[in-house]
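Numbering (my numbering), first residue to last: 1 to 333. Glycine residues also receive a C-beta, built at the ideal position from the N, C-alpha and C atoms. Here the structure is a predicted model, which means the values were calculated and not measured. One structure below.
In structure tokens form, the structure reads like this:
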């Protein structure tokens, strides 16, 4: 079995059309850029187009361009994405979203390897390499009558199935690369702070998740962690929030809305945490306990049954940052 990285290298060494298939967020555009960057066309342009975002009334001019004055508002020559990719690669993302009328235009372009801009009377030859991507099963789309069979066979010359993040054997390498990238962000809140590579324990916590959003979702989580880790936030807290059950979150929200605010916390008794599934205390409970303990975070964390780092994270999350004004600790409320 040829591994996927080798498939990408083989594709890069040729000039045939490539069809990248995989779940949303699994890195199809990254793979397309990998192929382009290692191909003989690497010095040419890489033009990426989301087929689902092309308005039907503009499809022809976007794909093939238009002469000046071809229609109202065409005040200058429009090249179109096909000619713009001449000498390089045209990447059509979400090709399965392309309407039938646009599919017909694309089929003609691929058959003739030329375009006819709006207002023109002759075809213009174009030399480009095509890479398409989809998260749909195009065979099923053909069977359902939503995708042209003749276009499918034009595109399915060299299909590459990209695995979901949860199925990749190089998960740790991907996570470390994204973590290093996240820590290079200029928005790092503490100048001079240098993050260490992810620990084996942190990698394990990441790897056991399902990651329905694939690489895109993992990148978002690691960027959030890089921003909050200097303030003692734990990776587990961020993962708990990212993968919280929508049903349980809705139930907690409904319960809080139905309860009177004064009943959320009773200052006459000692608060005993009853958290389940690592859920965090509610904002009003945190604020009340902070007030009771004169804004002492260590004492408050002990009462709430969470770590001091967790409390610091929750304070920042809920906008309860403490500011010293003389000898009095106050909130930003």
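Could you tell me which uninterrupted alpha helix (DSSP H) segments, each at least 4 residues in length, are contained entirely in the region 47-91, listed from first to last along the chain?
59-64 and 81-84
Please say whether residue 96 and residue 338 have beta carbons closer to each other than 8 Å?
Residue 338 is absent from the model: the chain starts at 1 and stops at 333.
What are the partner residues of residue 159, as DSSP defines its beta bridges?
What you label residue 159 is simply residue 159 of the chain shown in a count that begins at 1. Answer is 19.
Assuming residue 27 and residue 162 are in contact, meaning their beta carbons sit under 8 Å apart, how far apart are those beta carbons, in whole angstroms?
Counted from its first residue, the chain shown places residue 27 at position 27. Counted from its first residue, the chain shown places residue 162 at position 162. Yes, they are in contact, since the Cβ atoms of residue 27 and residue 162 sit about 6 Å apart, within 8 Å.
Identify, in the order they occur along the chain, each residue of the same chain with its Cβ nearer than 7 Å to the Cβ of residue 66, setting aside the five sequence neighbours on each side.
Working through the chain shown from its first residue, we reach residue 66 at position 66. Within the same chain, Cβ atoms closer than 7 Å to the Cβ of residue 66 are found at 74, 78, 117, 118 and 119, the five residues on either side in sequence being excluded.
Any beta-carbon of chain D closer than 8 Å to the one on residue 295?
The structure shown contains no chain D; it is built from a single protein chain.
Between which two residues does the beta strand (DSSP E) carrying residue 133 extend?
In the chain shown, counting from the first residue as 1, residue 133 sits at position 133. Segment 129-134, the beta strand (DSSP E) holding residue 133.
In angstroms with no decimal places, state the Cα-to-Cα distance between residue 40 and residue 108.
Your numbering for residue 40 matches position 40 in the chain shown. Your numbering for residue 108 matches position 108 in the chain shown. About 25 Å.
For residue 179 and residue 197, what's the separation of their Cα atoms in angstroms?
Taking the chain shown and counting its residues from 1, one reaches residue 179 at position 179. Taking the chain shown and counting its residues from 1, one reaches residue 197 at position 197. Each residue's alpha carbon lies about 7 Å from the other.
Since residue 135 contacts residue 23 with CB under 8 Å, what's their CB separation in whole angstroms?
For the purposes of this step, residue 135 is taken as the residue at position 135 of the chain shown. For the purposes of this step, residue 23 is taken as the residue at position 23 of the chain shown. That pair is a contact at about 6 Å.
Does the separation of the CB atoms of residue 153 and residue 88 fall below 8 Å?
As a position in the chain shown, residue 153 is number 153, starting the count at 1. As a position in the chain shown, residue 88 is number 88, starting the count at 1. The answer is no: Cβ separation not under 8 Å.
Quick one: what does DSSP say residue 170 is sitting in, helix, strand or coil?
Counting from 1 along the chain shown, the entry for residue 170 is found at position 170. Here residue 170 carries a coil assignment [DSSP, helix/strand/coil].
Inspect the beta-carbon positions of residue 310 and residue 301 and report whether they are closer than 8 Å.
On the chain shown, position 310 is the one that residue 310 refers to. On the chain shown, position 301 is the one that residue 301 refers to. Closer than 8 Å, so yes.
Quick check on DSSP: helix, strand or coil for residue 212?
If you number the chain shown from 1, residue 212 lands on position 212. In this structure, residue 212 counts as coil in the three-state DSSP scheme.
Residue 177 to residue 183, Cα distance in whole Å?
Against the chain shown, residue 177 aligns to sequence position 177. Against the chain shown, residue 183 aligns to sequence position 183. Going by the C-alpha atoms only, they are around 10 Å apart.
How would you call residue 111, buried or exposed, if buried means at least 16 neighbouring beta carbons within 10 angstroms?
Counting from one through the chain shown, the residue named residue 111 turns up at place 111. The residue in question, residue 111, is exposed, as its Cβ has fewer than 16 Cβ neighbours within 10 Å.
For residue 144, which option in 114, 100 and 58 has the closest C-alpha, if you only look at C-alpha atoms?
The sequence position of residue 144 within the chain shown is 144, counting from 1. Checked all of 114, 100 and 58; the closest Cα to residue 144 is 100.
Under DSSP, the alpha helix (DSSP H) around residue 238 begins and ends at which residues?
Here residue 238 is taken as the residue at index 238 of the chain shown, counted from 1. Unbroken alpha helix (DSSP H) run through residue 238: 235-242.
What's the gap between the Cα of residue 236 and the Cα of residue 25?
Taking the first residue of the chain shown as position 1, residue 236 is located at position 236. Taking the first residue of the chain shown as position 1, residue 25 is located at position 25. Computed Cα separation, rounded: 22 Å.
Taking the continuous alpha helix (DSSP H) assigned at residue 121, which residues delimit it?
Translated into the one-based positions of the chain shown, residue 121 becomes position 121. Where residue 121 is concerned, there is no enclosing alpha helix (DSSP H), given that its DSSP letter is neither H nor E.
Need the endpoints of the alpha helix (DSSP H) that residue 315 sits in, please.
Position 315 of the chain shown holds residue 315. That run of the alpha helix (DSSP H) goes 308-317.
Opposite residue 114 in the DSSP bridges: which residues?
Position 114 of the chain shown, counted from the start, is the residue given in the question as residue 114. Beta-bridge pairing links residue 114 to 125.
In whole angstroms, what separates the C-alpha of residue 277 from that of residue 209?
Counted from its first residue, the chain shown places residue 277 at position 277. Counted from its first residue, the chain shown places residue 209 at position 209. Confidence at residue 277 is low in this model, with a pLDDT of 42, below 50, so the placement of that residue should be treated as unreliable; the coordinate-derived value is given next. If you take the alpha carbons of residue 277 and residue 209, they lie about 15 Å apart.
Any idea if residue 230 is buried or exposed, counting beta-carbon neighbours within 10 angstroms, 16 or more meaning buried?
Within the chain shown, the letter at position 230 stands for residue 230. Exposed, because fewer than 16 other Cβ atoms sit within 10 Å of the Cβ of residue 230.
Could you work out which residue in 232, 206, 306 and 292 is closest to residue 316 when comparing CA atoms only?
Mapped onto the chain shown, residue 316 falls at position 316. Residue 232 is the option with its Cα nearest to residue 316.
For residue 312, which of 34, 281, 297 and 94 has the nearest alpha-carbon?
Translated into the one-based positions of the chain shown, residue 312 becomes position 312. For the residues 34, 281, 297 and 94, the minimum Cα distance to residue 312 belongs to 297.
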